[in-house]
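Undergrad:
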Amino acid sequence: MTQREHRLGDLAERFGGEVVGGDANLVIKRIASLRSAQSGDITFFSHGRYRDELAGTRASAVIVGADARDATTLPRIVCQDPYLFFAKVARLYHDEEAARPGVHASAVVLPGARLAPGVSVGPLCVIEEEAAIGAGSRIGPGCMLGRRVKIGDGTQLHAGVTVYAGCEIGERATLHSGVVVGADGFGYAPTAGKWLKIPQMGSVRIGADVEIGANTTIDRGALDDTVIEEGVKLDNQIQIGHNVRIGANTAIAGCVGIAGSTRIGSHCMIGGAAMIGGHLTIADRVIVAGGTVVTKSIDAAGTYVSVIPATPAREWRRTVAMLRNLERMSERLRLLERRLAELENEK
Amino acid sequence: MTQREHRLGDLAERFGGEVVGGDANLVIKRIASLRSAQSGDITFFSHGRYRDELAGTRASAVIVGADARDATTLPRIVCQDPYLFFAKVARLYHDEEAARPGVHASAVVLPGARLAPGVSVGPLCVIEEEAAIGAGSRIGPGCMLGRRVKIGDGTQLHAGVTVYAGCEIGERATLHSGVVVGADGFGYAPTAGKWLKIPQMGSVRIGADVEIGANTTIDRGALDDTVIEEGVKLDNQIQIGHNVRIGANTAIAGCVGIAGSTRIGSHCMIGGAAMIGGHLTIADRVIVAGGTVVTKSIDAAGTYVSVIPATPAREWRRTVAMLRNLERMSERLRLLERRLAELENEK
Amino acid sequence: MTQREHRLGDLAERFGGEVVGGDANLVIKRIASLRSAQSGDITFFSHGRYRDELAGTRASAVIVGADARDATTLPRIVCQDPYLFFAKVARLYHDEEAARPGVHASAVVLPGARLAPGVSVGPLCVIEEEAAIGAGSRIGPGCMLGRRVKIGDGTQLHAGVTVYAGCEIGERATLHSGVVVGADGFGYAPTAGKWLKIPQMGSVRIGADVEIGANTTIDRGALDDTVIEEGVKLDNQIQIGHNVRIGANTAIAGCVGIAGSTRIGSHCMIGGAAMIGGHLTIADRVIVAGGTVVTKSIDAAGTYVSVIPATPAREWRRTVAMLRNLERMSERLRLLERRLAELENEK
Numbered sequence: 035m036t037q038r039e040h041r042l043g044d045l046a047e048r049f050g051g052e053v054v055g056g057d058a059n060l061v062i063k064r065i066a067s068l069r070s071a072q073s074g075d076i077t078f079f080s081h082g083r084y085r086d087e088l089a090g091t092r093a094s095a096v097i098v099g100a101d102a103r104d105a106t107t108l109p110r111i112v113c114q115d116p117y118l119f120f121a122k123v124a125r126l127y128h129d130e131e132a133a134r135p136g137v138h139a140s141a142v143v144l145p146g147a148r149l150a151p152g153v154s155v156g157p158l159c160v161i162e163e164e165a166a167i168g169a170g171s172r173i174g175p176g177c178m179l180g181r182r183v184k185i186g187d188g189t190q191l192h193a194g195v196t197v198y199a200g201c202e203i204g205e206r207a208t209l210h211s212g213v214v215v216g217a218d219g220f221g222y223a224p225t226a227g228k229w230l231k232i233p234q235m236g237s238v239r240i241g242a243d244v245e246i247g248a249n250t251t252i253d254r255g256a257l258d259d260t261v262i263e264e265g266v267k268l269d270n271q272i273q274i275g276h277n278v279r280i281g282a283n284t285a286i287a288g289c290v291g292i293a294g295s296t297r298i299g300s301h302c303m304i305g306g307a308a309m310i311g312g313h314l315t316i317a318d319r320v321i322v323a324g325g326t327v328v329t330k331s332i333d334a335a336g337t338y339v340s341v342i343p344a345t346p347a348r349e350w351r352r353t354v355a356m357l358r359n360l361e362r363m364s365e366r367l368r369l370l371e372r373r374l375a376e377l378e379n380e381k
Numbered sequence: 035m036t037q038r039e040h041r042l043g044d045l046a047e048r049f050g051g052e053v054v055g056g057d058a059n060l061v062i063k064r065i066a067s068l069r070s071a072q073s074g075d076i077t078f079f080s081h082g083r084y085r086d087e088l089a090g091t092r093a094s095a096v097i098v099g100a101d102a103r104d105a106t107t108l109p110r111i112v113c114q115d116p117y118l119f120f121a122k123v124a125r126l127y128h129d130e131e132a133a134r135p136g137v138h139a140s141a142v143v144l145p146g147a148r149l150a151p152g153v154s155v156g157p158l159c160v161i162e163e164e165a166a167i168g169a170g171s172r173i174g175p176g177c178m179l180g181r182r183v184k185i186g187d188g189t190q191l192h193a194g195v196t197v198y199a200g201c202e203i204g205e206r207a208t209l210h211s212g213v214v215v216g217a218d219g220f221g222y223a224p225t226a227g228k229w230l231k232i233p234q235m236g237s238v239r240i241g242a243d244v245e246i247g248a249n250t251t252i253d254r255g256a257l258d259d260t261v262i263e264e265g266v267k268l269d270n271q272i273q274i275g276h277n278v279r280i281g282a283n284t285a286i287a288g289c290v291g292i293a294g295s296t297r298i299g300s301h302c303m304i305g306g307a308a309m310i311g312g313h314l315t316i317a318d319r320v321i322v323a324g325g326t327v328v329t330k331s332i333d334a335a336g337t338y339v340s341v342i343p344a345t346p347a348r349e350w351r352r353t354v355a356m357l358r359n360l361e362r363m364s365e366r367l368r369l370l371e372r373r374l375a376e377l378e379n380e381k
Numbered sequence: 035m036t037q038r039e040h041r042l043g044d045l046a047e048r049f050g051g052e053v054v055g056g057d058a059n060l061v062i063k064r065i066a067s068l069r070s071a072q073s074g075d076i077t078f079f080s081h082g083r084y085r086d087e088l089a090g091t092r093a094s095a096v097i098v099g100a101d102a103r104d105a106t107t108l109p110r111i112v113c114q115d116p117y118l119f120f121a122k123v124a125r126l127y128h129d130e131e132a133a134r135p136g137v138h139a140s141a142v143v144l145p146g147a148r149l150a151p152g153v154s155v156g157p158l159c160v161i162e163e164e165a166a167i168g169a170g171s172r173i174g175p176g177c178m179l180g181r182r183v184k185i186g187d188g189t190q191l192h193a194g195v196t197v198y199a200g201c202e203i204g205e206r207a208t209l210h211s212g213v214v215v216g217a218d219g220f221g222y223a224p225t226a227g228k229w230l231k232i233p234q235m236g237s238v239r240i241g242a243d244v245e246i247g248a249n250t251t252i253d254r255g256a257l258d259d260t261v262i263e264e265g266v267k268l269d270n271q272i273q274i275g276h277n278v279r280i281g282a283n284t285a286i287a288g289c290v291g292i293a294g295s296t297r298i299g300s301h302c303m304i305g306g307a308a309m310i311g312g313h314l315t316i317a318d319r320v321i322v323a324g325g326t327v328v329t330k331s332i333d334a335a336g337t338y339v340s341v342i343p344a345t346p347a348r349e350w351r352r353t354v355a356m357l358r359n360l361e362r363m364s365e366r367l368r369l370l371e372r373r374l375a376e377l378e379n380e381k
């Protein structure tokens with residue numbers, strides 16, 4: 035058994051499950067999906083949608099929830115939360131890419147930048163004056179960190195991240211390629227048909243354990259800072275306007291836009307491509323469905339939607355025509371009610 | 035009084051306001067938001083939404099409009115347009131980051147590129163053959179300017195801007211990190227189940243005083259150019275298709291997409307995440323609400339919307355069911371009208 | 035006649051058309067739009083929308099379809115598909131930018147990277163260990179290719195493309211600036227109010243002849259790979275989640291988001307800013323209109339929509355009020371039906 039291999043019983047014990055229908059000594063070499071698992075692999079089943087794939091899997095063992103204890107006859111680990119159990123096992127089998135220690139010769143580190151011990155700076159980075167990078171952080175190739183940027187300990191910036199002057203990122207954060215932190219917020223005062231730029235004098239403060247997906251942008255504040263609290267997870271291509279505050283452990287899916295000065299609570303979940311207007315307050319534990327447009331503050335936890343699902347075009351054309359016709363329908367109803375009342379009175 | 039400090043009366047005089055309820059000699063050291071202002075700070079109040087914050091502010095002075103002359107007893111400047119006044123004061127207190135003069139040793143400037151006097155080129159830039167950069171322009175670290183690119187005088191490219199060959203940017207423009215100007219438009223002719231690429235032979239021309247937000251993309255034209263006229267303000271993550279033309283001083287918020295060959299007038303305001311179809315014409319001074327989908331040309335100034343605000347999920351499910359039911363409702367109405375007419379006739 | 039010039043008759047013969055109303059020996063020097071064409075230019079007319087521009091064009095010749103044979107008296111080529119014909123002629127007149135052979139001195143090519151003959155690597159690229167680039171491929175300035183990345187023959191990466199470790203791109207593909215391939219998918223398991231990251235251990239495989247627009251992001255898979263099949267065309271700022279599969283020759287317009295594990299068929303067309311939920315299956319040859327939200331699988335070819343077109347604001351406010359009122363309308367209908375039935379029975 036290599037260092038990478040684990041016995042089924044050891045996995046169950048380590049993460050809190052019960053081995054059912056198989057030998058606790060079974061050696062698990064890899065983790066794989068239901069569809070692509072082979073002999074030696076463990077897989078997981080956490081959604082009824084994939085029942086057919088479970089039936090056809092060639093995995094040696096499966097992680098299942100208590101409700102699916104009998105959904106397969108394969109050796110299995112029965113546990114309370116199979117998705118969480120899978121996450122823990124996957125982390126066990128995952129190779130972290132080794133960091134290159136030190137500063138690559140091609141990186142440009144300007145005078146006064148401070149790098150803590152164990153920092154890795156990739157090729158062709160630019161670290162400007164007075165930037166400070168915490169111990170063990172890994173700055174990927176081609177990252178650009180402006181003056182006075184602060185990066186906490188153990189944080190990873192993948193290739194091509196840009197952080198404007200003065201912005202701060204906490205410990206153990208992960209920023210993916212193309213992320214831009216601290217560009218100017220969109221602020222102009224109209225004057226005589228033109229726009230006078232309002233200098234964006236705030237900054238961006240990002241908490242610990244935040245992850246930010248590729249090409250997401252977070253603008254600096256106008257006067258105060260834009261704040262992303264600890265544990266927030268942001269997917270790709272999200273746009274966060276100036277002076278937004280996002281509460282701890284909120285998760286936001288791809289393509290979401292959040293306009294300026296909006297405050298989002300903690301433990302929220304915002305679905306992909308949702309659009310949240312400016313100057314709003316969203317309570318803790320709010321769920322916004324993908325594609326939904328939020329134009330007013332939401333002051334109670336719950337799920338909010340405004341999406342009309344795709345419809346065959348011909349049918350949809352009739353629905354839109356009906357929509358335009360609603361006022362006339364309402365008028366016809368009112369008229370009918372009046373005429374009917376007259377008839378009833380005449381009886 | 036340092037160079038940075040200004041007397042309240044001087045601010046009022048300089049930008050056109052009246053000192054009320056305080057000493058014109060009061061020294062103002064900084065500008066800050068209602069919420070975070072301290073003694074020595076001036077703040078501003080331009081929206082009733084923030085009345086509570088006005089009541090609690092610790093600022094030494096406030097900028098207010100004539101309608102809010104008595105909204106506070108703090109020393110204040112009463113003016114016609116407090117937001118514009120704030121913008122002007124903020125510009126006074128804003129530190130421009132000093133440019134590094136000259137070309138950083140790590141930048142790659144290819145033969146035939148022409149840099150006017152006072153140009154600053156940051157570390158690890160690539161300036162290709164025959165590119166021309168105007169006097170006093172600042173090219174941030176890691177920018178990539180293709181062959182024959184032209185940049186006007188006094189323009190600033192933040193870190194990591196890419197401009198494809200042949201594109202032109204006017205004077206005093208600002209491009210934020212991750213902006214891509216001049217990638218190919220999305221043009222293919224279908225043939226036998228595949229797509230034949232149409233070469234994108236036009237360019238992009240961007241006017242003076244344009245600002246472009248982080249990760250915004252502006253495609254080059256197919257035959258003619260894509261054109262962004264002077265004074266246009268584009269927020270982050272906007273996508274502008276090939277051969278679009280955007281009229282002077284139009285402002286577009288984040289996450290907007292504008293499909294190919296559409297012409298947008300001047301002085302328009304397009305809200306965040308709006309989607310504007312291709313081959314349309316939008317008149318001058320049109321306002322499109324955030325999240326709205328524009329599928330037809332708009333030939334008159336005014337405000338246009340098509341957004342349904344977020345609704346609690348249970349309620350929304352019933353609304354969607356109703357939507358699918360509209361034709362039957364209409365049919366039932368028709369039937370009722372017929373039956374009622376019969377009853378009325380029988381009288 | 036220079037090498038760049040072609041006789042009208044030669045163009046017609048080469049691409050399958052008929053010269054009408056003009057001299058087959060006419061020399062065509064350039065291709066241009068209806069609006070900007072000058073003497074010596076050929077242009078094309080493929081949509082009735084541009085009839086006025088056809089009337090005013092100064093082109094020397096026009097490409098038209100059989101149905102527009104008599105829409106102009108200018109010398110013309112009549113052909114079956116004028117847009118396809120235009121594409122072919124445009125390709126004839128298009129200058130490919132010459133590649134710089136070899137590896138620029140400023141590029142960082144790490145040990146074990148393999149570059150096939152004829153590869154061009156621009157300034158300030160980073161090619162990490164064991165990456166392999168196929169013959170004749172062109173890597174633009176500032177591209178970042180991670181460990182074990184594979185790039186097929188004849189592929190072009192424009193400036194500033196990032197490809198994470200282990201991802202593969204096929205032959206003759208084109209990736210535009212700011213594209214990020216292989217960032218982590220958005221996968222976390224909730225546990226005790228926080229999010230536990232699920233390592234993203236799959237990769238991205240991109241087929242031959244794929245084109246990817248600026249700032250588009252394609253995430254790596256969690257366990258299996260994310261797959262973009264051959265001939266797919268992706269516009270700018272598209273977000274593709276982990277484990278998505280997109281079938282051959284599907285075309286997707288800008289700003290589209292596709293959530294994780296969704297499978298899209300081949301020969302589909304997805305309009306701009308459409309949003310496609312996760313874990314769905316979309317059949318072959320499905321057309322999704324721009325801005326449409328897809329929340330359920332689509333199992334039949336056809337056109338699907340859910341977009342409400344922009345409406346003047348005052349009118350729209352009434353429609354939204356009506357929407358909120360639909361249940362009451364339905365209730366009123368039911369009541370009327372009951373009362374009317376009673377009256378009818380009494381007769």
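Chains as they are written, first to last, in my numbering: chain A, 35 to 381; chain B, 35 to 381; chain C, 35 to 381. By construction, the Cβ of each residue, glycine as well, lies at the ideal position given by its N, Cα and C atoms. Fair warning: this is a prediction, and the values are worked out from it, not measured in the lab.
1. Anything in chain A within Cβ reach of B:D318, meaning under 9 Å, just list it in chain order.
2. Please name the residue or residues paired with B:I252 in a DSSP beta bridge.
3. Which of the three DSSP states is assigned to A:Y127 in this structure?
4. Quick check: C:R172 and C:V160, are their CB atoms within less than 9 Å of each other?
5. Taking Cβ-Cβ distances shorter than 9 Å, what residues in chain C pair up with B:M363?
6. Out of curiosity, what's the CA-to-CA distance linking C:A223 and C:A256?
7. Under 7 Å between beta-carbons, which chain A residues line up against B:Q271? List them in chain order, please.
8. I want to verify the contact list: residues of chain C whose CB lies under 9 Å from the CB of A:I65, in sequence order.
9. With three or more beta-carbon pairs closer than 8 Å as the criterion, would you say the segment 236–245 of chain B touches the segment 180–200 of chain A?
10. Please list the partners that A:H210 has in chain F, where partner means a Cβ-to-Cβ separation under 8 Å.
11. Taking C:A147 and C:E163 to be in contact with their CB atoms under 8 Å, please state how far apart those CB atoms are, rounded to whole angstroms.
12. Any beta carbon from chain C within less than 9 Å of A:A344's own beta carbon?
13. So the candidates are A:R366, A:R83, A:G55, A:L118; which of them puts its Cα closest to the Cα of A:R48?
14. When DSSP labels each residue in this structure, what does C:A193 get in the three-state scheme?
15. At a CB distance below 8 Å, what residues from the segment 284–296 of chain A approach chain C? Give them in sequence order.
16. Determine the closest residue to B:G221 out of C:A285, C:V112, C:L357, with distance taken between C-alpha atoms.
17. In angstroms, rounded to a whole number, what distance separates the CA positions of B:A196 and A:P135?
18. DSSP three-state label for A:V349, please.
19. Are C:V238 and C:C201 touching if we call contact CB-CB under 9 Å?
20. Please name the residue, chosen from B:W229, B:Y198, B:A193, B:T208, that lies closest to C:A207 on a Cα-to-Cα basis.
21. Ignoring anything shorter than 4 residues or poking outside the segment 309–358 of chain A, list the alpha helix (DSSP H) runs there in chain order.
22. Are at least three pairs of beta-carbons, each pair with one atom in the segment 338–355 of chain B and one in the segment 344–355 of chain A, less than 8 Å apart?
23. If you count every other CB in all the chains shown that lies within 10 Å of the CB of B:P145, and 16 or more means buried, which is it?
24. Using 9 Å as the threshold, is the C-beta distance between B:L42 and B:L68 below it?
25. Is any beta-carbon of chain B found at less than 9 Å from that of C:L118?
26. Can we say the segment 331–339 of chain C touches the segment 304–311 of chain B, given the rule of at least three CB pairs closer than 8 Å?
TA: In terms of the structure at hand:
1. By Cβ distance, chain A contributes nothing, its closest Cβ being about 11 Å from B:D318, past 9 Å.
2. B:I252 is bridged to B:V215, B:I274.
3. Collapsing the DSSP output to three states places A:Y127 in a helix.
4. Not closer than 9 Å, so no.
5. Against chain C, the beta carbon of B:M363 has neighbours under 9 Å at L360, M363, S364, L367, listed in chain order.
6. In a straight line, the C-alpha of C:A223 is about 13 Å away from that of C:A256.
7. Within chain A, the residues T251, Q271, Q273 have their CB atoms less than 7 Å from the CB of B:Q271, given in chain order.
8. Going along chain C in sequence order, the residues near A:I65 (Cβ under 9 Å) are M235, L257.
9. Counting Cβ pairs under 8 Å, fewer than three are found: no touch.
10. Within the model displayed, chain F is absent; protein chains A, B and C are what it includes.
11. With 8 Å as the limit, C:A147 and C:E163 qualify as a contact, their Cβ atoms being about 6 Å apart.
12. For A:A344, the answer is yes, since a Cβ of chain C falls inside 9 Å of its Cβ.
13. The residue among A:R366, A:R83, A:G55, A:L118 with its C-alpha nearest the C-alpha of A:R48 is A:L118.
14. In the structure shown, C:A193 sits in coil (DSSP, three-state: anything other than H, G, I, E or B).
15. Residues are counted here when their Cβ sits less than 8 Å from a Cβ of chain C; for the segment 284–296 of chain A these are A285, A287, G288, C289, given in chain order.
16. The closest CA to that of B:G221, considering only C:A285, C:V112, C:L357, is found on C:A285.
17. Contrary to the premise, residue 196 of chain B reads as Thr rather than Ala in this sequence. Computed Cα separation, rounded: 30 Å.
18. The displayed chain sequence assigns Glu, not Val, to residue 349 of chain A. Helix.
19. Yes, the pair counts as a contact, with Cβ atoms nearer than the cut-off.
20. Of B:W229, B:Y198, B:A193, B:T208, the residue nearest in Cα terms is B:W229.
21. Taking 4 residues as the shortest admissible run, the segment 309–358 of chain A contains the following complete alpha helix (DSSP H) segments, listed from N- to C-terminal end: 347–358.
22. With a cut-off of 8 Å, the segment 344–355 of chain A and the segment 338–355 of chain B do not count as touching, because too few Cβ pairs lie within range.
23. So B:P145 counts as exposed.
24. Not closer than 9 Å, so no.
25. It does; some Cβ of chain B falls within 9 Å.
26. The segment 331–339 of chain C vs the segment 304–311 of chain B: no contact.
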